[in-house]
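The structure appears below as structure tokens.
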Amino acid sequence: MSNVTRRNLLAASVALTVGFSVSAAMAEDTIKVGALATLQGAFTVLGEDGMRGVKLALQQHNNMAGGKKIELVTGSSDASPDSAVNAARKLVEQDKVQILVGPLSGDEGLAVKNYAKTQPQVTFINGTSAAQDTTLRDPAPNFFRFTTDGAQWQAGLGEYAFATKGYKKVVTIAEDYSFPYTQVFGFMQGFCKSGGHVVNKFWVPIGNKDFSSIVASIPDDIDAIYVALGGADAVNFLNQYEQAGGDKPMVGGSITVDQTVLGSKGKQQDYIIGTPSAGPIADNWDNAAWTKFVADYKAAFPDGFPSPSLFAQGYYVSTLAMLTALDQVKGDLSGDQKAYRDALQNLKLDTPTGPVTLDKNRNGIAYNFLTEVAKGDDGHLYNKVVKVVENVNQTLGMPEAEFMAIGPVGRDNPSCP
Amino acid sequence: MSWTATGAAPKPATPAWMKTIRPQHVLVLLFLIAYPLVASPFWTVQIGAQSLFLGVIALSLMFLAGYGGMVSLSQMTVAGVAGYMVAVFGTNSTHPLFGWPLWAAVPIAIVIATAFATLIGIISVRTAGIYTIMITLAIGVAAFYFAQQNYEIFNGHSGFAGLPGPVGFGMDWRAPMPFYYMSLAVAALSYLAVVYLARSTFGLTLQAIRDNARRMNALGFNVNLHRVVAHAVAGLIAAIGGLLYVWMNGRVSPGTIDIGPVIDILVIAVIGGLRHPIGPFIGAVLFVLMKNFAIDLISPERFNTLIGLIFLAIVLVSPDGLLGLWRLASDRLKAAGLNGSTGRQWGNNSWRNNNGK
Numbered sequence: 074m075s076n077v078t079r080r081n082l083l084a085a086s087v088a089l090t091v092g093f094s095v096s097a098a099m100a101e102d103t104i105k106v107g108a109l110a111t112l113q114g115a116f117t118v119l120g121e122d123g124m125r126g127v128k129l130a131l132q133q134h135n136n137m138a139g140g141k142k143i144e145l146v147t148g149s150s151d152a153s154p155d156s157a158v159n160a161a162r163k164l165v166e167q168d169k170v171q172i173l174v175g176p177l178s179g180d181e182g183l184a185v186k187n188y189a190k191t192q193p194q195v196t197f198i199n200g201t202s203a204a205q206d207t208t209l210r211d212p213a214p215n216f217f218r219f220t221t222d223g224a225q226w227q228a229g230l231g232e233y234a235f236a237t238k239g240y241k242k243v244v245t246i247a248e249d250y251s252f253p254y255t256q257v258f259g260f261m262q263g264f265c266k267s268g269g270h271v272v273n274k275f276w277v278p279i280g281n282k283d284f285s286s287i288v289a290s291i292p293d294d295i296d297a298i299y300v301a302l303g304g305a306d307a308v309n310f311l312n313q314y315e316q317a318g319g320d321k322p323m324v325g326g327s328i329t330v331d332q333t334v335l336g337s338k339g340k341q342q343d344y345i346i347g348t349p350s351a352g353p354i355a356d357n358w359d360n361a362a363w364t365k366f367v368a369d370y371k372a373a374f375p376d377g378f379p380s381p382s383l384f385a386q387g388y389y390v391s392t393l394a395m396l397t398a399l400d401q402v403k404g405d406l407s408g409d410q411k412a413y414r415d416a417l418q419n420l421k422l423d424t425p426t427g428p429v430t431l432d433k434n435r436n437g438i439a440y441n442f443l444t445e446v447a448k449g450d451d452g453h454l455y456n457k458v459v460k461v462v463e464n465v466n467q468t469l470g471m472p473e474a475e476f477m478a479i480g481p482v483g484r485d486n487p488s489c490p
Numbered sequence: 071m072s073w074t075a076t077g078a079a080p081k082p083a084t085p086a087w088m089k090t091i092r093p094q095h096v097l098v099l100l101f102l103i104a105y106p107l108v109a110s111p112f113w114t115v116q117i118g119a120q121s122l123f124l125g126v127i128a129l130s131l132m133f134l135a136g137y138g139g140m141v142s143l144s145q146m147t148v149a150g151v152a153g154y155m156v157a158v159f160g161t162n163s164t165h166p167l168f169g170w171p172l173w174a175a176v177p178i179a180i181v182i183a184t185a186f187a188t189l190i191g192i193i194s195v196r197t198a199g200i201y202t203i204m205i206t207l208a209i210g211v212a213a214f215y216f217a218q219q220n221y222e223i224f225n226g227h228s229g230f231a232g233l234p235g236p237v238g239f240g241m242d243w244r245a246p247m248p249f250y251y252m253s254l255a256v257a258a259l260s261y262l263a264v265v266y267l268a269r270s271t272f273g274l275t276l277q278a279i280r281d282n283a284r285r286m287n288a289l290g291f292n293v294n295l296h297r298v299v300a301h302a303v304a305g306l307i308a309a310i311g312g313l314l315y316v317w318m319n320g321r322v323s324p325g326t327i328d329i330g331p332v333i334d335i336l337v338i339a340v341i342g343g344l345r346h347p348i349g350p351f352i353g354a355v356l357f358v359l360m361k362n363f364a365i366d367l368i369s370p371e372r373f374n375t376l377i378g379l380i381f382l383a384i385v386l387v388s389p390d391g392l393l394g395l396w397r398l399a400s401d402r403l404k405a406a407g408l409n410g411s412t413g414r415q416w417g418n419n420s421w422r423n424n425n426g427k
């Protein structure tokens, strides 16, 4: 009996030892890259589209950069910071990736940025996570974000709602976590500065089903409601708002007026026509690079979305930046990747959504798209591009000191009742 | 390993404790101690230490379910309460409140979590079987939503980040090797405590209550009190495991006590086996290995299916989890070797039939 036990133990320990010595071998002519996205949990569909962006960029580069072969290792999180750090740790410490692209969602980005500080030998390139403080406050020197944050995604919207739409008083309804805080912040920067007032802010948990108490407390003397809810939450809210007789026009966050809302049936269709929103992509932007990107995406992934989401675009841009900089340094990651990081920092990247550069905190300066819901010739609703706001930086055009004085985003900051 | 000699059946204990140590015990211990010397930091912390403290939290469930016949789904919640309390009373970078040093925050956190577990016990001992599962699940889900929506204390969806690890004796205890040994010490102590308790008068009474609560009541034992105390003991173990959990990541948020992690603890305990305190640790090792490496075995879109299928296969083949498989295999080998003995004692089987009455 005890012989059996001992034999088994021996086998187990041999297996374990083999397990953790394999990782040492790494060929000189390949570069290991990790991609981290939410391939489980509530954001699975979005994470999968993010991975399509990574694959498309690699495909177009023939899996080569700087004369070296790119070996891709995939990691998965469930949108919680714990799982993102666990997955990043596995990619970095076990799979020994030299560059990591990801993560997808806001709180994950904050956690991975803190983890990046403990792994100075690896370069981290953000996926699409859009919390402001990932790069603005206490940044990590080896964490780069070629996408923009949730406030930048709202650039131009506040001014447009005030000046062109003529909304003077609004209330906001948004989900209760860091990304919508940042979106509301971005909207209010332009809106409050133009002279508008945000009378009240309602925060709801993710996945909220019952909006009746909020619908009931929306005051009558406002001009519009600003809604930063995602997917099913937006549809649920709009249904209940309409049933309760709500008729104030809507202003949308970056993920509010997506295909779920545009494709919904019924009276809602008429209600949402004319709804302005803003974000880092616009499905119908009439631009050669963007149309080519959409066509390539559709050709490569027939089972993907009808048009790439901002997650596919964000991961695509990040992977493209990663590859372009590798080409520039000819795949040389020696010297603690110093030359490579300099190349990233100084990159002038042409993307399907316009040129992208980095600021001193390694955060993206990029185009933002102001859109409005319109009815197409075939009767379908779509987001028509109203204006392209060029070179939006993280301080939204304000001097840095003034911007930092506003303080970190939160439920109560900023405020202009 | 050590399950050879133990089991729920009463034995003449103390004078013979030396005799219960077998060569394989020493081997396992030596392996566990030598492990971080050969393993990389990733294998030391994310596989090794994480298996140990998840095993500790699952051990608290094994104690309640295996010896007390009470399946509580709120053990991860208790662990989370300890983690939250150490963030609330101690220092953190996102939502500073009390800012006490760790030596003050840790005992408070453990006491509050244990008190919380006792409260869960008081509420749930009046139920049995599926109703205990339901009520403890309800408490877990309620705690999750409360933490997610309370901003004054729990800081809502973001929770707390930047929790410092323990520092002392000239060491940063969050560095891979010290953290591993700290987890190993906690795991070993909890394991020995549960083994000891199982053979103590209290443990034997608890098992008798599990097997026939009505008879124990008639004999004059306070059934509910014993069950509440079992919840408190399990709460203490889970709380300590919870501290290690949040120290590893340096953060705690509602995601830590979401329904997923709550079920994970049940999965770990069940695939390991609920019959012996070593079960949860074996389950935790398999669980952590699968969580980390299943994605390399199969396409990234499908790896959770693979994990589910493996766990399903284990439970289908052996209702006692990996422990049961082990026994099955060793019995077969013994039979093949024409050894006359009929396998080991695993305690009596009747609790399964009585459970849920």
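First to last, the protein sequences are chains A and B. Counting with our numbering, you get residues 74 to 490 for the letters of the first sequence. Counting with our numbering, you get residues 71 to 427 for the letters of the second sequence. Glycine included, every Cβ here is placed at the ideal spot set by N, Cα and C. It should be emphasised that the depicted structure is a prediction, and the values quoted were computed from it without experimental measurement.
In the DSSP assignment, residue 270 of chain A is bridged to A:242. Within 7 Å of the CB of residue 218 of chain B, the CB atoms of chain A belong to 278, in sequence order along the chain. For residue 459 of chain A, the enclosing beta strand (DSSP E) begins and ends at 454-465. One alpha carbon belongs to residue 414 of chain A, the other to residue 140 of chain A, and they sit about 18 Å apart.
Apart from the 5 residues on each side of it in sequence, residue 172 of chain B sits with its Cβ closer than 6 Å to the Cβ of 160, 236 in its chain, given in chain order. DSSP lists B:238 as the beta-bridge partner residues of residue 241 of chain B.
Around the beta carbon of residue 281 of chain B, 16 or more other beta carbons sit within 10 angstroms, so the residue counts as buried. With fewer than 16 neighbouring CB atoms inside 10 Å of its own CB, residue 288 of chain B falls in the exposed class. Taking a beta-carbon distance threshold of 9 Å, residue 113 of chain A counts as an interface residue toward chain B. At a cut-off of 3 residues, the continuous stretches assigned as beta strand (DSSP E) that sit fully inside the region 335-404 of chain A are 349-352. For residue 193 of chain B, no Cβ of chain A is located within less than 9 Å of the residue's own Cβ. A Cβ of chain A is located within less than 9 Å of the beta carbon of residue 115 of chain B. A residue is called buried when at least 16 other Cβ atoms come within 10 angstroms of its Cβ; residue 271 of chain B does not meet this threshold and is exposed. DSSP places residue 148 of chain A inside the beta strand (DSSP E), whose first and last residues are 141-149. Counted as a single uninterrupted DSSP element, the alpha helix (DSSP H) harbouring residue 103 of chain B occupies residues 93-108. Residue 371 of chain B has its alpha-carbon roughly 8 Å from the corresponding atom of residue 121 of chain A.
Put simply, the backbone Cα of residue 463 of chain A is about 52 Å away from that of residue 381 of chain B.
The CB of residue 163 of chain A comes closer than 8 Å to the CB of 112, 116, 362 in chain B, given here in chain order. Residues of chain B whose Cβ lies closer than 7 Å to the Cβ of residue 250 of chain A are, in chain order, 227, 228.
If one requires a minimum length of 4 residues, the alpha helix (DSSP H) runs lying completely within the region 364-399 of chain B are 373-387, in chain order.
Pairwise C-beta distances place the region 178-197 of chain B out of contact with the region 242-260 of chain B, as fewer than three of them are shorter than 8 Å. Each of B:211, B:231, B:120, B:99 was checked against the Cα of residue 362 of chain B, and the nearest Cα belongs to B:120. Taking the Cβ atoms as the reference, residue 106 of chain A lies roughly 7 Å from residue 395 of chain A, within the contact range of under 8 Å.
The contact set of residue 326 of chain B on chain A, defined by CB atoms closer than 7 Å, consists of 155 in chain order.
Excluding residues up to 5 positions away in sequence, 109, 148, 149, 150 lie with their Cβ nearer than 7 Å to the Cβ of residue 160 of chain A in the same chain. Nearest CB-CB separation between residue 370 of chain B and chain A: below the 9 Å threshold.
When DSSP states are grouped into helix, strand and coil, residue 138 of chain A belongs to the strand group.
Between residue 353 of chain A and residue 225 of chain A, the gap from beta carbon to beta carbon is short of 9 Å. At a C-beta separation below 9 Å, residue 260 of chain B has no neighbours in chain A, since its nearest C-beta there lies roughly 22 Å away.
Listed in chain order, the positions of the region 129-149 of chain A with a beta carbon within less than 9 Å of a beta carbon of chain B are 146, 147, 148, 149. Around the C-beta of residue 356 of chain B, 16 or more other C-beta atoms lie within 10 Å, and the residue is accordingly described as buried. The C-beta of residue 341 of chain B comes no closer than 9 Å to any C-beta of chain A. Annotated three-state conformation of residue 200 of chain B is helix, per DSSP. With fewer than 16 other CB atoms across the displayed protein chains lying within 10 angstroms of its CB, residue 239 of chain B is exposed. Between residue 228 of chain B and the set A:171, A:248, A:303, the nearest pair of CA atoms involves A:248. Taking a Cβ-Cβ threshold of 7 Å, the residues of chain B close to residue 158 of chain A are 319, in chain order.
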